[in-house]
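See below for the structure under consideration.
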Amino acid sequence: MDNSRLRIAIQKSGRLSEKTYALLASCGVKFNVHDQRLIAHSTNQPIDVLRVRDDDIPGLIMDGVCDLGVIGENVLEEETMMRERAGEPSEFVSLKQLGYGGCRLSLAVPNEMEYEGPQSLKNMRIATSYPELLRRYLNEQGVQFQSCFLSGSVEVAPRAGLADAICDLVSTGATLEANGLRETDVIFRSQARLIQRAGSIEPEKQQLIDKILTRINGVMQAKE
Ligand code: PRT
Ligand code: ZN
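When we follow the UniProt record's numbering, the leftmost residue of the sequence shown carries the number 1, and every step to the right adds one.
The following block contains the structure:
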């Protein structure tokens with residue numbers, strides 16, 4: 001591994017990818033996006049771009065394997081809580097909220113179910129990909145529940161008889177509607193965030209990070 005180059009972890013393909021590629025491009029970080037390899041070497045800067053599943057990004061930063069990462073705050077917060085619980089490294093430095101990838105993590109129940117607040121979920125089974133965020137919210141509300149972990153297709157769980165309710169990401173709400181569910185409580189609001197690994201970093205790398213951040217600020221201001 002070449003440790004002299006700044007390593008940036010981004011989502012390979014998904015909801016954050018396109019805007020993140022565009023953001024890096026607007027900061028003058030050039031690399032071949034058609035190159036399907038895990039690591040893309042920037043052609044004009046001492047930077048390597050790692051393209052991975054979004055779920056891997058917080059860990060790569062918290063373990064100090066990558067210097068910078070772009071990640072949805074929902075995934076970041078869930079991984080932080082999971083690592084804290086497991087006693088694993090969970091530190092990072094937050095650099096900037098990026099203004100895209102906006103969504104919310106919400107509770108939703110079948111349309112026909114009566115709902116008078118979180119208490120209505122007492123002892124129910126709730127399907128989610130975000131067990132830590134769900135537990136924090138319902139613990140604060142003093143509501144006991146059972147959880148059902150699903151890494152995808154959470155919205156079909158009630159119809160499939162796997163759960164009574166769900167806790168999932170929502171942006172337009174069309175997916176909930178299509179599955180006969182209604183949103184009841186927003187438990188976390190999220191957008192993409194730029195993070196840096198904690199701990200000391202070589203001065204040349206820090207200068208490069210500062211330069212990238214200045215450019216991001218410029219690009220974002222110009223859009224306002
Ligand atoms: O393959 P990889 O693991 O990298 O990708 P992924 O499938 O886990 O994630 P991806 O690409 O779907 O989402 C990446 C990040 O985008 C999420 O972690 C959020 O931070 C953010 N984001 C923004 C969203 C949405 N909007 C969103 N709408 N992530 C998921 N959704 C889902 C939502 O759960 C629903 O099922 O999209 C569906 C459509 O949403 P509606 O409400 O518009 O119908
Ligand atoms: Zn993912």
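Idealized CB from N, CA, C, for every residue including glycine.
{"query": "Which class does residue 85 belong to by DSSP, given the choice of helix, strand or coil?", "result": "helix"}
{"query": "With a threshold of 7 Å on Cβ separation, who are the neighbours of residue 163 within its own chain once the five nearest residues in sequence on each side are excluded?", "result": "125, 126, 127, 148, 157"}
{"query": "Just to confirm, is the Cβ distance from residue 150 to residue 129 under 8 Å?", "result": "yes"}
{"query": "For residue 28, which of 221, 211, 220 has the nearest alpha-carbon?", "result": "211"}
{"query": "Please state if the CB of residue 106 and the CB of residue 48 are separated by a distance shorter than 8 Å.", "result": "no"}
{"query": "Please give the ranges of any alpha helix (DSSP H) in the segment 46-78, keeping only runs that are unbroken, at least 4 residues long and fully inside the region.", "result": "57-62"}
{"query": "I believe residue 81 touches residue 132 by the beta-carbon criterion, under 8 Å. Please report the beta-carbon distance rounded to the nearest angstrom.", "result": "4 Å"}
{"query": "Helix, strand or coil for residue 7 per DSSP?", "result": "strand"}
{"query": "Please work out which residues of its chain come closer than 6 Å, Cβ to Cβ, to residue 68, disregarding the five sequence neighbours upstream and downstream, and give them in chain order.", "result": "8, 196"}
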